[in-house]
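Engineer:
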Amino acid sequence: MFCTDEGTAVRMAAWPRGEEPAPGREPLRGRRLTLGTGWDVVQYRLSASARTDHRARDRLEAEIAVGLAVRRAYGDAPYRRLFARLEGYHLDVAEPFVFYRHHGARRGTPLATLCGRLPVRAHQQIARELVLAVRLLAALGVVHRGLTPHAVLWDGHHVRLPEPYAATRTGRPREGLPQTAPWVCPEQRAGRGEAEPRDDVWSVAQVMYHLLTGASGDPDGPPRDLARLPALEVLADAFAPRAVDRPHPEDLLRSLGQRDPLRDRPLPPDPLDAGRQMFDAELARKRAELGIHGAGSGIGTGVEDLSAPPPRGPRRWFGGASRPGREARPGRTGGER
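Structure (structure tokens):
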């Protein structure tokens, strides 16, 4: 059993298809599943043995909230392809989980394996799309914090960001992260100040430097050979060691010759906003049952500027609404192990 992005409870048969790596997500575990009559997904779950790891649960709650916010804001927009597509989740089970669409052979290739192999035009498009994705997340009040050349994918046409497993809300205190330098900005690694979109601008600059040179940049400022790399001239200020000296994503978009799609099209109000308090109350109850104290991640609970998961309506335990075009098959559920 799982909840869709609309909060509908769905019961489907599920067939495990093998373990999937989950770098940076420990102690979560990954695996491929086939749901129903051929719906392939990748599931990340917090195993029962890690149930007392409240920090991991906080991150999972935050990841789900961000995935839902992106799905609701940009699910029908052409740039939805820039993001991992959240398909379902469940928090109120022994092993809470989230799962995403599995793209198979169309998944793409990590940028880290493409250093020195792409034409100039591809480099330019990758830079534009990375900054665009950061801009779109910023409009939702989200800082991704997981942009590395090993995690960002390129399918020959477009980039795709990794799942937002390290995401936080703009304005939350920065904290040390498992990602290594130089991909995370200096302030984030040191845990100084508050998270903001220009943290991700730093990551974009470092990813592009690596893609162009095959080397890792300076973890604390501009790379020493930046002046000899005219292709990165437009990103020069993005390497500034302080966020206040880096360009905002919308300004960097303009410098890259990319129109800001939100400039004349502000995000519509969230039609599910009225249900957030109900969800927050239910999530707070569950956290209390588990002995989890404090405000949590700042995204999954008590958030006004993100589309937190909606309250569940009447649970349809048997044969709930399945994925369009897919037939729900009786048997094991997406929540069973």
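Count along the sequence shown from 1, add 1445, and you get the number used in our numbering.
The beta-carbon is built from N, C-alpha and C at its ideal position, and this holds for glycine as well.
In this text, all values refer to a predicted model and were calculated from it rather than measured experimentally.
(1) Compute the Euclidean distance between the alpha carbons of V1579 and E1641, then round it to the nearest angstrom.
(2) When the Cα atoms are used, what is the spatial distance from A1676 to L1598?
(3) Within the continuous alpha helix (DSSP H) that includes D1696, where are the two ends?
(4) What does the Cβ neighbour count give for A1685, buried or exposed, with the cut at 16 atoms within 10 Å?
(5) Measure the CB-CB distance between V1588 and T1613 and report whether it falls below 7 Å.
(6) Does the beta-carbon of M1446 have 16 or more other beta-carbons within 10 angstroms, so that it is buried, or is it exposed?
(7) Around the C-beta of P1602, are 16 or more other C-beta atoms found within 10 angstroms, so that it is buried, or is it exposed?
(8) Below 6 Å CB to CB, which residues in the same chain sit around P1607 once its five sequence neighbours on both sides are set aside?
(9) Could you tell me the alpha carbon to alpha carbon distance between A1454 and G1662, rounded to whole angstroms?
(10) When the Cα atoms are used, what is the spatial distance from L1473 to W1484?
(11) Assess, as a yes-or-no matter, whether the stretch 1566 to 1573 is touched by the stretch 1512 to 1531 under the definition of 3 or more beta carbon pairs within less than 8 Å.
(12) Just verifying my parser: in three-state terms, what is the DSSP assignment at F1684?
(13) From this set, T1479, P1631, D1600, D1644, which residue's C-alpha is nearest E1615's C-alpha?
(14) Using 10 angstroms around the beta-carbon of A1522, count the other beta-carbons present and answer buried if the total reaches 16, otherwise exposed.
(15) Are A1611 and L1622 close, meaning C-beta to C-beta below 7 Å?
(16) Give every residue of the same chain whose Cβ lies closer than 7 Å to the Cβ of R1782, excluding the five residues on either side of it in the sequence, and list them in chain order.
(17) What are the partner residues of A1529, as DSSP defines its beta bridges?
(18) Restricting to runs no shorter than 4 residues, where is the alpha helix (DSSP H) found entirely within the stretch 1624 to 1690?
(19) If you check the beta carbons only, do L1697 and D1705 fall under 7 Å apart?
(20) Using DSSP's beta-bridge definition, name the partner residues of V1587.
(21) Hey, how far is the Cα of P1667 from the Cα of L1563?
(22) Leaving out the 5 sequence neighbours to the left and right, which residues in its chain are closer than 8 Å to H1655 when beta-carbon positions are compared?
(23) Per DSSP, what kind of secondary structure is R1456 in: helix, strand or coil?
(24) Does the Cβ-Cβ distance between V1649 and L1575 come in under 7 Å?
(25) Going by DSSP, name the residue or residues bridged to P1461.
(26) In the structure shown, what three-state DSSP assignment does Q1703 receive?
(27) Quick one, which of E1532, W1628, R1566, L1577 has its alpha-carbon nearest S1700's?
(28) Please work out which residues of its chain come closer than 8 Å, Cβ to Cβ, to A1670, disregarding the five sequence neighbours upstream and downstream, and give them in chain order.
(29) Can you tell me whether DSSP reads D1503 as helix, strand or coil?
(30) For R1552, which residues of its own chain have a beta-carbon under 7 Å away from its beta-carbon, when the five flanking residues on both sides are left out?
Structural biologist: On the basis of the supplied data:
(1) 11 Å
(2) 20 Å
(3) 1694 to 1700
(4) buried
(5) Their beta carbons are under 7 Å apart, which means V1588 touches T1613 by this criterion.
(6) buried
(7) In the sequence as presented, Pro is not what sits at residue 1602; that position holds His. So H1602 ends up on the exposed side.
(8) G1591, A1596
(9) 46 Å
(10) 22 Å
(11) Contact between the stretch 1512 to 1531 and the stretch 1566 to 1573 is absent, because fewer than three Cβ pairs lie under 8 Å.
(12) helix
(13) Looking at the sequence itself, residue 1615 is Thr, so the reference to Glu does not match. The residue with the shortest Cα to Cα distance from T1615 is D1644.
(14) exposed
(15) In this structure, L1622 lies closer than 7 Å to A1611 by Cβ.
(16) Residue placement at R1782 is poorly supported in this model, since its pLDDT is 35, which falls under 50; the coordinates still yield a value, given next. Around R1782: E1540.
(17) Answer is none; A1529 lacks a bridge partner.
(18) 1631 to 1635, 1642 to 1658
(19) no
(20) R1614
(21) 23 Å
(22) L1556, A1557, C1560, P1594, S1661, G1662
(23) It is coil, neither helix nor strand.
(24) yes
(25) L1478
(26) coil
(27) Measuring from the Cα of S1700, the nearest candidate turns out to be L1577.
(28) For the sequence presented, residue 1670 should be read as Asp rather than Ala. Answer for D1670: T1658, listed in chain order.
(29) helix
(30) L1598
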